[in-house]
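Under our numbering, the letters of the sequence shown match residues 93 to 207, in that order. Data first, discussion second: the structure below is written as structure tokens.
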Amino acid sequence: KEIHNSGDTSLLVELIFSTTGNLTWLGEMSEMVFCLADFWAGRVVNGSISNVVGPDEFAKGRLYSGVTDNPYTNLVARRSLEFAVKTGELLKLPTNEEDWRRVAGSIKILFDEAS
Numbered sequence: 093k094e095i096h097n098s099g100d101t102s103l104l105v106e107l108i109f110s111t112t113g114n115l116t117w118l119g120e121m122s123e124m125v126f127c128l129a130d131f132w133a134g135r136v137v138n139g140s141i142s143n144v145v146g147p148d149e150f151a152k153g154r155l156y157s158g159v160t161d162n163p164y165t166n167l168v169a170r171r172s173l174e175f176a177v178k179t180g181e182l183l184k185l186p187t188n189e190e191d192w193r194r195v196a197g198s199i200k201i202l203f204d205e206a207s
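Pasting the structure below:
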């Protein structure tokens, strides 16, 4: 359930592209980027992503699983969806842009202002 790894993969593609600007390479990665966005779009329900293990799985000294709305997981999910939209626009490819934008905008990002 460490599905944040899917977001990490999309983030890596985004960072490599932002560093190189290589549209040919991005084109080669686009199918994966779009599949990852579809994965996230299917996992988000009412703005939440449930039953995940975040990247800090042992933060409390034991395996910390079954979390809803882990901030890191939700952030990489949103970013994956937004990057898929950008990829489709840059490459002028047909995508699920409308759905991806809607889902990305619905994802809850929990934040403790007291911290």
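All residues carry an ideal CB built from backbone N, CA and C; glycine is no exception. Keep in mind the model is a prediction, meaning the values are calculated, not measured.
From the listed residues I201, R171 and R193, the smallest Cα separation to V105 is found for R171.
Beta-bridge pairing by DSSP links V144 to V159. Restricting attention to W117, D204, N97 and E120, the CA atom closest to the CA of W132 is found in N97. Under the 8 Å Cβ criterion, the stretch 118 to 137 counts as touching the stretch 169 to 188, having at least three qualifying pairs. T165 places its beta carbon 7 Å or farther from that of V136. Check the Cα spacing between D148 and each of G180, E205 and I95: the tightest is with I95. The beta carbon of S142 is closer than 7 Å to those of T160 in its chain, skipping five residues each way along the sequence. In the same chain as M121, and ignoring 5 residues on each side of it, the C-beta atoms closer than 7 Å to its own belong to V105, in chain order.
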